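Report on the following structure.
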Amino acid sequence: MSQGSRALSPSGARPHPGLGGTGLGPADSRPGRAPARLRGRRELGEPGFGGGGLAQHAGAGRGGRPLGLRGGRARAGRSRDRSGALRCGSPGGRDRGGSLRLKHEPLELETTYEFRIALGGRRRHANTLVRIEHGGLTGLGEAAPSHYYGESQALVEAAIAEWAPHLGDDPFALEAIERRLEGVLHFHRAARAAIEMALHDWIGKRLGLPVWRLLGLDPATTPLSCVTLGLATPEEMEKKLETLIDFPMLKVKLGGPGDVDNLRRIRRRYSGSIRIDANTSWNASEAVRVLRAIEPLGIELVEQPVPREDLDGLRWVRERSPIPVFADESVHSAGDIANLAGRVDGVNLKIMKSGGIREMLRTLHAARAHGMKVMLGSMVESSLALSAAAQLAPLADYLDLDGHWLLARDPFDGAPREKGRIVLSDRPGLGVVPAERASPAGASRSRRGGRA
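If you want the numbering used here, it's the 1-based position in the sequence shown plus 190.
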C-alpha cells in the first residue's frame, strides 16, 4: 500500500457529534502544589484546556448545576425513584449531605494467562477501588496504575488519602474539583481518573441517567473492539488464538523474537482484522523494515513503533510505512496532540493516561481538530474502569477496550462481553454493579453498538 493510499488518511477523519466540552460546574480556586512525597516521575504533556459541561445537557441553570438541583430552599414534592435518584424533570433542592467522603481499598485482579508486552508482563495486577459517598449514594471508580509511568498501588492510595479531605461538598462542581486534582495530583493520573469516574458515576446515579446519555451520545454508533493477543511462544500463541478465533478483530503485541513469523502464523489461521502494537520496542529503521515485510498480511494499523519521546522517529516511520501509524505511549492529554500533528495518523487514548473522562474527551476533540483518527484503549482493568472509558466509545473510530476480557474473574458487571461488541448499559452512572449482583434482566437493559 502506498503512502497515498493508506487506509487512514489524516484528511479523512470524520467529524463526530457530541459535546465540545466536559465541565459540570464553574471553576474556582487556582490549583495548589503537590506535596513533595507525592510527586512522581514527570510524564509527557501538560494539562489540557477547559470545556463546557455535562450539566448543560442535563438542564443546567446558573453555576453549572442542573435545574432543580441548585442551591437555596428545597422545593416541595421532590420525586425520587427507589434507588434514591432524582427523577429528571422533578423539582428538587441542593443536596445537604456534607462533605464528600472518599474511600479506597485494594482491587486485586488476575489475568487468565500471563499478559506480556514488550515492556514486561505479569498475571497479577494491583489496582485500587475508589468510593465517593454523598447524600445516600455511592459513586465507584478504579485506578489501574502503570509501572511504566512511575505509578503503583501504594502511590495511588497515598495520593488519594492525601487529597481526600479537600474533595469539597459539591459533586457537581467537576470543573473546580478537576482544577484542584490537577494541582495536587498532576503526576498521579490513575488516582485522578479513579476519583473523577466515581464523581461521574455518582452524578449519573443522582440524576437517574447513564453518563453516555448525559453526554448526548448514541450507543448505536459504537465501533467493534479488538481483543489483545500478548507476546507468547508459538505454542502459547496457538493455544490463546484458539480462544479468540471468533472475535472480529485482534490486536497482536510485537517486540519479541520472530515477530514477522508469528504474524504470518496468525494470519494463516485468522481471517479477521489485525492491528499490531510494538509498545516502543523498535527503532525507526527497524520499524519500517518490519512494517514493509508484513504489508501483504493486511495489517490495519500499528501502534507506537518507536520510543515515546522519539516524535521525529514517528514522523520518519509514518512517511515510509505502508501501514497507518498510531501513537499510544507518546500521548496522554490534549497538550500532547499538537506535537503529534503530521507525525501520526491517529492516537490511542486511555482513561488512566488522561486522568479522567473529561481530559480524555478534550484530547479526543483536539485529535479530531488535527485530522487524526481516535482509538480508545485500556490498561488491565475491571469492567468498572472500562465502562467509564466506554461512555465515550460512540465518538471513537476504533476501540481496544478489552482489559476485562483478559481477566480470570471480573469483579464487576458493566460492559458485557459479546465477541467484540461493547454494550453500554442503561443503568445510571457508569452502569456498573458488583458481578454477584448482576442479573440477566440488568444485562438486557443495554444498548448495543458494533459498527465495523
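We put the CB at the ideal spot given by N, CA and C, even for glycine.
Quantities reported herein were computed from a predicted structural model and do not represent experimental measurements.
| Check | Outcome |
| --- | --- |
| Going by other Cβ atoms of all chains shown within 10 Å of its Cβ, with 16 needed for buried, is residue 337 buried or exposed? | exposed |
| How is residue 613 classed by DSSP in three states: helix, strand or coil? | strand |
| Indicate whether the contact test is met: 3 or more Cβ pairs, each with one atom in the region 541 to 552 and one in the region 564 to 576, closer than 8 Å. | yes |
| According to the neighbour-count rule (16 or more other Cβ atoms, all chains shown, within 10 Å of its Cβ), is residue 475 buried or exposed? | exposed |
| Pick out whichever of 545, 553, 549 has its Cα sitting closest to the Cα of residue 529. | 553 |
| In terms of residue numbering, what span does the alpha helix (DSSP H) encompassing residue 484 cover? | Here residue 484 belongs to no alpha helix (DSSP H), and DSSP marks it neither H nor E. |
| Could you check how far apart the C-beta atoms of residue 431 and residue 459 are, in whole angstroms? I think they sit under 8 Å. | 6 Å |
| Ends of the alpha helix (DSSP H) at residue 425? | 424 to 434 |
| Helix, strand or coil: how does DSSP classify residue 501 here? | helix |
| Given a cut-off of 8 Å, decide if residue 439 and residue 610 are closer than it, judged by their beta-carbon atoms. | yes |
| Starting from the Cα of residue 494, find the closest Cα among 463, 488, 442 and give me that residue. | 442 |
| Note down the Cα distance separating residue 282 from residue 397, rounded to an integer number of angstroms. | Confidence is the limiting factor: at residue 282 the pLDDT is only 37, short of 50, which leaves the residue's position unreliable and the question unanswerable from this model. |
| So which of 403, 293, 511, 324 has the shortest CA-CA distance to residue 347? | 293 |
| State the CB to CB distance for the pair residue 429 and residue 619, rounded to an integer number of angstroms; the pair is presumed to be in contact (CB under 8 Å). | With a Cβ gap of about 38 Å, residue 429 and residue 619 do not count as contacting. |
| Given that a residue counts as buried once 16 or more other Cβ atoms are within 10 Å of its Cβ, and exposed if not, what is residue 617? | buried |
| Is it the case that the CB of residue 563 approaches a heavy atom of the ligand NAD more closely than 7 Å? | Ligands in the displayed structure: none, and consequently the ligand NAD is not present. |
| Specify, as a first and last residue, the run of the alpha helix (DSSP H) that residue 373 falls within. | 364 to 374 |
| From residue 350 to residue 587, what distance separates their C-alpha atoms? | 33 Å |
| How is residue 600 classed by DSSP in three states: helix, strand or coil? | coil |
| Find out if the Cβ-Cβ distance for the pair residue 321, residue 545 is shorter than 8 Å. | no |
| Residues in its own chain within less than 7 Å of residue 625 by CB, not counting five upstream and five downstream? | 600, 601, 602, 603 |
| Is residue 331 helix, strand or coil when you go by DSSP? | strand |
| State the Cα-Cα distance for the pair residue 384 and residue 330, rounded to the nearest angstrom. | 8 Å |
| Alpha carbon to alpha carbon, how far is residue 315 from residue 608? | 24 Å |
| Leaving out five residues before and five after residue 507 in sequence, what residues of the same chain have Cβ atoms less than 8 Å from its Cβ? | 474, 477, 478, 481, 495, 496, 515 |
| Under the DSSP definition of a beta bridge, which residues are partnered with residue 565? | 538, 588 |
| Taking the beta carbon of residue 296 as the centre, do at least 16 other beta carbons fall within 10 Å, making it buried, or is it exposed? | exposed |
| Determine whether the beta carbon atoms of residue 463 and residue 485 lie at a separation below 8 Å. | no |
| Can you tell me where the beta strand (DSSP E) holding residue 517 begins and where it ends? | 515 to 517 |
| Determine whether the Cβ of residue 379 lies closer than 8 Å to any Cβ atom of chain B. | Reference to chain B is not applicable here, since this structure consists of a single protein chain. |
| Out of 457, 435, 572, which one is the CA nearest neighbour of residue 487? | 457 |
| Compute the beta-carbon to beta-carbon distance between residue 591 and residue 550, rounded to the nearest angstrom, for a pair I have assumed lies under 8 Å. | Not quite, the Cβ-Cβ distance comes to about 12 Å (not below 8 Å), so this is no contact. |
| For residue 324, which beta-bridge partners are listed by DSSP? | 327 |
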